[in-house]
Structures are given as C-alpha cells and as structure tokens.
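Some notes on the structure that comes next.
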Amino acid sequence: MAVVIQEMVACEVSGVLFTCDPLTSNPSKITITANYGLGESVVSGSAEPDTWVLQRKDNERPQLLTTAIGNKQHKIIMQGEDICSTTKFCITYLPEFINYFFINSGGTVTEDIGDDLRKESCLSVEAVENLGQVAIKIEEFYRSARDIEWGILNDNLYIFQSRPVTNATAETDYEIKHEFDAPLRCENEYFTIANIG
1305 MAVVIQEMVA
1315 CEVSGVLFTC
1325 DPLTSNPSKI
1335 TITANYGLGE
1345 SVVSGSAEPD
1355 TWVLQRKDNE
1365 RPQLLTTAIG
1375 NKQHKIIMQG
1385 EDICSTTKFC
1395 ITYLPEFINY
1405 FFINSGGTVT
1415 EDIGDDLRKE
1425 SCLSVEAVEN
1435 LGQVAIKIEE
1445 FYRSARDIEW
1455 GILNDNLYIF
1465 QSRPVTNATA
1475 ETDYEIKHEF
1485 DAPLRCENEY
1495 FTIANIG
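Throughout the sequence shown, residue numbering follows our numbering, covering 1305 to 1501 in sequence.
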C-alpha cells in the first residue's frame, strides 16, 4: 500500500468546473463555479458560489457567455501551522509526523465574507477564460468530458482532481436536436432511437 502526502494549498479562490454542461451534457458549454478560500464550500454546497458559463468553438479561446454572482456568505480557509515546514520530518519519521500533524495542523475554519466581497466576482473575466482553456487541454488529454477541482494561490493555478463527468453518456440537447441532420445513404433508410428503451 502506498501513502501519498500532498501539500495542502491555502487557496485564495477555488472551485469546480465541468468541460460540458453538467445538466444537459452539452459539449459546447463549460461551467465554472468558485468561491473565496478552499473548494470545500463549493463542493459541499455550503455557500452559493459565483458561476460562469463559457461558450467554446473549434480551436478558439472559450468566450464568456453568462456570469451569476452568488451570495458568498462565508469561505472555508486553512488554520494552523504550514504543513510544508514539517515535510522533511514527515519523510524521516512518518508515525511521529502523523501525530504531529493531527495535533498542530489546525484543520479548517469557516469565516464570514464581507458585504463588499460578496457582491463582486471572485475571478476576473481573463482568469475565467484561462481556466476554460486549461480545462479544454485536460479534456483533450483524457479524451472525455471532465469534472475538475482547482484552486488559485498567488496567481498560480493548481489542478487538484480531474475525473470523468458521470452523466456525460446521456444524449445531449445538441444530439437530440440534430438527430436527423445527417443525409440518408439510400431511399429506404430511416433510423431513429426515439422510441427505444
């Protein structure tokens, strides 16, 4: 069994993005949600995040379609000592490190967000479009629609996780709308999946 020890990133902004519409699986839309602090408030749904939808076209930079500023009442942040300072100790004395970590790490804490920050977007348009470009590259690498958890600290983007979108196998609105757009190869050919299943 392997043990992975990863530095926790004290993100200024973090969230989740989908390389397709999470409700309709439309591959031409990228949906990004974000909040200040760690991504736990977005993933758990404990805060109403900001949401952006990007339109993507072939070989073009994704363009911002819509923005919805959420009522970000609180954020989740790291508390306690920086785990980086104990990494060397951890590699040498693993059992002691685990005890040290649990005693001194401090975990996370929920903090209220001021009214001024609640009303403004936690990401710039440029940052949102850059996230969209990175998401497309990740999707191309894995060759499937992705659900990606990410964070930003000191203008550096961190990708924490990328997994397949679970509902991406459902027919998209686009596929249903354009089911009969392909030309028929012969006079008697007509096939539909509308009444199957």
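C-beta: ideal position from N, C-alpha, C; glycine also.
For E1453, same chain residues with a beta-carbon under 6 Å away, outside a window of 5 residues either side, are V1320, G1343, F1464, Q1465 in chain order. In the assembly as shown, D1416 is an exposed residue. Its beta-carbon has fewer than 16 other beta-carbons within 10 Å. Contact check for P1326 against V1469 passes: the beta carbons are separated by less than 8 Å. In the displayed model, K1361 falls within coil according to three-state DSSP, outside both helix and strand. The Cβ neighbour count for A1372, taken over all protein chains shown within 10 Å, is under 16; the residue is labelled exposed. Only residues of its own chain outside the window of five on either side were considered, and among them G1455, L1457, Y1462 have a CB closer than 6 Å to the CB of V1313, listed in chain order. Comparing C-alpha distances from N1330 to each of D1459, A1449, E1316, R1467 shows the shortest one belongs to A1449. When rounded, the separation of the alpha-carbon atoms in T1335 and V1308 is 30 Å. Considering only Q1359, G1349, T1355, H1378, the residue with the shortest C-alpha distance to R1422 is H1378. Look at K1481 here: in three-state DSSP terms it is helix. Annotation: the continuous alpha helix (DSSP H) that includes I1442 extends over 1429-1446. When T1323, N1339, N1460, Q1367 are compared, the shortest CA-CA separation from L1358 is found for Q1367. K1441 is classed as exposed because its beta carbon has fewer than 16 other beta carbons within 10 Å across all chains shown.
The beta carbon of T1370 is closer than 6 Å to those of V1357 in its chain, skipping five residues each way along the sequence.
Between E1316 and N1375, the alpha-carbon positions lie close to 17 Å from each other. Nearest in C-alpha terms to I1381, of all of V1429, V1432, G1341, is G1341.
When beta bridges are read from the DSSP output, R1450 appears opposite P1468. At the C-beta level, C1426 and A1351 stay beyond 8 Å of one another. A Cβ-Cβ separation of about 4 Å places Q1383 in contact with V1413 under the 8 Å criterion. The DSSP-derived three-state label of V1347 is helix.
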